[in-house]
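The structure under discussion appears below in the form of structure tokens.
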Amino acid sequence: MSAFNVDITPELKVKLYTMMVKTRLTEERIIALYRQGRIVGGVYTGRGVEATTVGSGLALEAQDWLFPIHRDLGAHLAKGQSVLNILLQYLGRGNGLSRGKDSGIHCSDTRLNIVGNVSHLGHMIPVAVGTAIGKRMQGEKVVALNFIGEGGSNIGDFHEGLNFAAVQKAPFVLIIENNHYAYSTPTHKGFSAKYLSDRAIGYGIPGHHVDGTDVLQVYKVVKEAVERARAGEGPSLIECLSFRMVGHSAHDDAFYVDKQRMKEYEKKDPILRLEHHLHREGTLSEPLIATIKAELEEEIEQATQAALDSPLPEAHWAAEGLFAE
Ligand SMILES: Cc1ncc(C[n+]2csc(CCOP(=O)(O)OP(=O)(O)O)c2C)c(N)n1
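Here the sequence shown stands for residues 42 to 366, where the numbers follow the working numbering.
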């Protein structure tokens, strides 16, 4: 994949850092609203996987299509979604992305080329591959990028979608977010393979595994795969190895995960990791870090107030907007 040279400028490093902090702070606000009883439904957080979601999301261009799953708020934000729209959606407001029909991160925004997932894991892979091929048929140089968890990668649609993508040389990138737990099932109970990216050999496409807590590495590998796909060289499978720093969702205390292991995860926090690195190399200073955090906190506070002040949907909207004209 070295044919495509990826340059990560200091500006881009700061952008990657800022977007990861934005994701973390937004999720913390969402959990606070959930605990206050204002959010109904599941809250699946990406604490620990921000480097994977943000690094991948920022590797896409505006014309590309993103197919995120339940832990990928960072990818929504990196693709251009606003904190306000995310909060309106979570709070089920009438002016939210699904006009109050749903709460949570299973949401789309076709203005930004974001297609959210249906709840059934894996079923969006063929849809994303179809989008990639369809856009190519329309003459567009567009790439589709889809996420799947390591647990979800055992679904049949994974094979069908990836095989079809490989045969068709589709402009498609599939990211396996291997955070080592599928709800409470640890990786060793789901797989005997060392790396899930090795499955790529069976499809005749490139497969890579990368440290999914290192945003610079993730960005580089995903960007190369995206540009390779755009150049007509076909799909790639990328496994990002990370961890969940919390439970499966806000209602799960992860009692089944060894406490010592959780402590080790905290030390590998992807945000702190990048912060220390950029601080050491002189790209980020203490005052700049403080300014970035203060601006994000202000943005999230304003978005929270605006979302809470927004009206709930009207009952008759429930039956509207369900079918294409
Ligand atoms: C086909 C299917 N089976 C089960 C579920 C219930 N479920 C939702 S998330 C989840 C865990 C998925 O684990 P993984 O794919 O590794 O992703 P992670 O949650 O770890 O990011 C399960 C079992 C589902 N949504 N779809």
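Even for Gly, the Cβ is constructed at its ideal location relative to N, Cα and C.
Distance from the C-beta of N220 to the nearest heavy atom of ligand 1 is below 7 angstroms.
Under the DSSP assignment, D252 falls outside any alpha helix (DSSP H), being part of the beta strand (DSSP E) whose first and last residues are 248 to 252. Spatial neighbours of N154 in its own chain (CB-CB distance under 6 angstroms, excluding positions within 5 residues in sequence) are listed in chain order as W106.
Judged by DSSP secondary structure, N187 falls within the beta strand (DSSP E) whose first and last residues are 185 to 190.
According to the DSSP assignment, S97 belongs to the alpha helix (DSSP H) that extends over 91 to 98.
For G87, same chain residues with a beta-carbon under 6 angstroms away, outside a window of 5 residues either side, are T94, R112, L114, G115 in chain order. Out of K182, Y297, G202, the CA that lies nearest to the CA of E268 is found in K182. When the five nearest sequence neighbours on each side are left out, the beta carbons in the same chain lying within less than 7 angstroms of the beta carbon of Y306 are those of G89, F284, M286, in order along the chain. Residue side-chain check: G190 places its Cβ nearer than 7 angstroms to a non-hydrogen atom of ligand 1.
Not one heavy atom of ligand 1 lies closer than 7 angstroms to the C-beta of H117.
The alpha-carbon of H200 is positioned some 35 angstroms away from that of I80. Where N219 is concerned, there is no enclosing alpha helix (DSSP H), although the beta strand (DSSP E) around it starts and stops at 213 to 219. Residue environment for M178: exposed (fewer than 16 other C-beta atoms within 10 angstroms of its C-beta). When only Cα atoms are considered, G245 and P276 end up about 10 angstroms apart. Under the DSSP assignment, F45 falls outside any alpha helix (DSSP H); it carries neither an H nor an E label. According to the DSSP assignment, F108 belongs to no alpha helix (DSSP H) but to the beta strand (DSSP E) extending over 106 to 108. Each residue's CA atom was taken as its position, placing S326 and A92 some 20 angstroms apart. When distances are taken from the beta-carbon of I196 to the heavy atoms of ligand 1, the shortest one is below 7 angstroms. Take L337, set aside five residues on each side of it, and the residues of its chain with a beta-carbon closer than 8 angstroms to its own are T59, V62, K63, L66, in chain order.
Take Q258, set aside five residues on each side of it, and the residues of its chain with a beta-carbon closer than 7 angstroms to its own are V251, D252, in chain order. Around Y224, the same chain offers H289 as residues with beta carbons nearer than 6 angstroms, after the five sequence neighbours per side are excluded.
Proximity of the stretch 161 to 175 to the stretch 201 to 209 meets the contact definition, three or more beta-carbon pairs being nearer than 8 angstroms.
Buried is the label assigned to P311, since at least 16 other Cβ atoms lie within 10 Å of its Cβ.
The DSSP assignment places 300 to 308, 311 to 321, 327 to 350 as complete runs of the alpha helix (DSSP H) inside the stretch 297 to 350, in order along the chain (cut-off: 4 residues).
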